[in-house]
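Novice:
Residue numbers (this note's numbering): 65 to 473.
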């Protein structure tokens, strides 16, 4: 069994005295050819050898005996060899290869735990096509990009999922992108992939695109939408899913500025997304987005936002090609932030979100502009019911979904 552990000579207490092999040991082995006898001899041999009792000639004898035992006809003996030497100085390259290419119960300790096992051997084993061995390798404490890339290409879901969730596996951007392209629709792989500490913006964008497809299918099925309306709302879903992913990926190694640049290059840094990030209280990403679209320094954009200087922010929105008739919701959100003294942190975020949504709906919800209706639809889409109710209390009116006709005063 892969989980079997055999006694390791190195773990003996310090007060144990090593005992060299004697002619009596050899005679006993000749008389008793049971697996237990050979395993007992193996343990004694390694204790003696690793405590430097053997002379140089004896070391060569150890290597020869280990090779013989590694090819023993009894699997139990070969397992004992593997478990006792997977990190031993007596594990030669040839011996490692013999054990790694054996059945999984013999190969497991080397493939899973062997620190000296090189990439060339791991790649050879992966090429055998054995899923059980690939699983053992995928769970190693560390993996190089070359080995991770080979595992990513094997096509076995369990192996790929284990790899995606292994933070010790070095995955190149190309491998990550390939996994996102092939498995974004498979939760078994997509979930651990999305949970990695660092992800390039291109992979985040692929995951966002997949979620958008799910949202589109859900809308078409549940609301019996026409293809035209479904296509229009698909963009809403992309922005909503993008915003939902912003916070989880804002970890060490995931640069919000880089993500803003990537989304802009992909044509995905939209006006609705900017408004949603602002109203969500994600000031850092909002400043990064406005900075990217307007080509001004992020620090300047953040200063204007935190100081509540609308004239300056209005100029940035103009440079960012935000239509002037959509400026109002941004102005309202900034005014709410200034009134509350909110500066984009976790403290006070819920209060700011509720107040901003309510004031925007009250002041902008009766606009004759269809573009404003669409913008507010996307702003409220996927908001929790309790938050919408609280926002409507702020607005002093019931929430009438903007998908329908909003009564005009």
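Using N, Cα and C, we set each Cβ at its ideal position, and we do this for glycine too. Model, not experiment: these values are computed from the prediction.
Measuring only the C-alpha atoms, how far is residue 209 from residue 182?
Specialist: 13 Å
Novice: When the Cα of residue 212 is compared with those of 336, 202 and 339, which residue comes out closest?
Specialist: Distances from the alpha-carbon of residue 212 to those of 336, 202 and 339 put 202 closest.
Novice: Which residues in the same chain as residue 229 place their Cβ atom closer than 6 Å to its Cβ, once the five residues preceding and following it in sequence are excluded?
Specialist: 256
Novice: Can you tell me whether DSSP reads residue 233 as helix, strand or coil?
Specialist: Strand at residue 233.
Novice: Look at the Cβ atom of residue 200, then the Cβ atom of residue 175, and state whether they are nearer than 8 Å.
Specialist: yes
Novice: So, do the segment 356-365 and the segment 403-423 have three or more beta carbon pairs nearer to each other than 8 Å?
Specialist: Contact between the segment 356-365 and the segment 403-423 is absent, with fewer than three C-beta pairs closer than 8 Å.
Novice: In three-state terms, what does DSSP make of residue 318?
Specialist: Model confidence at residue 318 stands at a pLDDT of 48, short of 50, so the residue's coordinates are unreliable and nothing is read from them.
Novice: Identify, in the order they occur along the chain, each residue of the same chain with its Cβ nearer than 7 Å to the Cβ of residue 159, setting aside the five sequence neighbours on each side.
Specialist: So the qualifying residues of the chain are 130, 131 and 134.
Novice: Can you grab the Cα-Cα spacing for the pair residue 236 / residue 242, in whole Å?
Specialist: 10 Å
Novice: Once DSSP output is grouped into helix, strand and coil, what is the label at residue 368?
Specialist: helix
Novice: Considering only C-alpha positions, which residue in the set 414, 251, 163 and 338 is nearest to residue 439?
Specialist: 338
Novice: Let's test the definition: count the other Cβ atoms within 10 Å of the Cβ of residue 173 and tell me whether it reaches 16, buried, or not, exposed.
Specialist: buried
Novice: For residue 20, which of helix, strand or coil comes out of DSSP?
Specialist: There is no way to answer for residue 20, as the model of the chain reaches only from 65 to 473.
Novice: Is it true that the segment 329-349 meets the segment 367-386, where meeting means three or more beta-carbon pairs spaced less than 8 Å apart?
Specialist: yes
Novice: Just the Cα atoms here: how many angstroms apart are residue 389 and residue 232?
Specialist: 50 Å
Novice: Just to confirm the assignment, what range does the alpha helix (DSSP H) spanning residue 425 have?
Specialist: 413-428
Novice: Quick one: Cα of residue 264 to Cα of residue 239, how far?
Specialist: 11 Å
Novice: Report the residue from 377, 144, 342 and 373 whose alpha carbon sits nearest the alpha carbon of residue 424.
Specialist: 342
Novice: Let's see if you can read the secondary structure: which residues bound the alpha helix (DSSP H) around residue 345?
Specialist: First-last for residue 345: undefined, no H or E at that position.
Novice: Can you give me the C-alpha to C-alpha distance between residue 108 and residue 244, rounded to a whole angstrom?
Specialist: About 51 Å.
Novice: Near residue 402, what residues of its chain come up, given a Cβ to Cβ distance below 6 Å and the 5 sequence neighbours on each side ignored?
Specialist: 372
Novice: Cα separation between residue 29 and residue 324?
Specialist: Any property of residue 29 remains undetermined from this structure, which presents the chain solely from 65 to 473.
Novice: Mapping DSSP to helix, strand and coil, what is residue 406?
Specialist: Coil, per DSSP.
Novice: Out of 178, 140, 207 and 164, which has the shortest C-alpha to C-alpha gap to residue 189?
Specialist: 164
Novice: Taking Cβ positions only, does residue 333 come closer than 8 Å to chain D?
Specialist: The structure shown contains no chain D; it holds only a single protein chain.
Novice: In angstroms, rounded to a whole number, what distance separates the CA positions of residue 380 and residue 358?
Specialist: 6 Å
Novice: Go ahead and pull the three-state DSSP assignment for residue 187.
Specialist: helix
Novice: Here's a check: name, in chain order, each residue in its chain whose Cβ is nearer than 6 Å to the Cβ of residue 136, leaving out the five neighbours to either side.
Specialist: 142
Novice: Cα-Cα, which of 327, 398, 153 and 247 is closest to residue 374?
Specialist: 398
Novice: Does the beta-carbon of residue 353 have 16 or more other beta-carbons within 10 angstroms, so that it is buried, or is it exposed?
Specialist: Classification of residue 353: buried, given that the 10 Å Cβ count is 16 or more.
Novice: In three-state terms, what does DSSP make of residue 142?
Specialist: helix
Novice: Could you check the C-alpha separation between residue 356 and residue 268 for me, to the nearest Å?
Specialist: Taken atom to atom, the span from the alpha-carbon of residue 356 to that of residue 268 is near 18 Å.
Novice: Using the Cα positions of residue 369 and residue 400, report the straight-line distance between them to the nearest angstrom.
Specialist: 11 Å
Novice: Have a look at residue 281 and residue 261 and give me their C-alpha separation to the nearest angstrom.
Specialist: Here residue 281 scores only 48 on pLDDT, less than 50, and its place in the model should not be relied on; the value that follows carries that caveat. Using only the alpha carbons, I get a separation of about 30 Å.
Novice: Measure how close the beta-carbons of residue 139 and residue 170 come, nearest whole angstrom, since I'm counting them as under 8 Å.
Specialist: 7 Å
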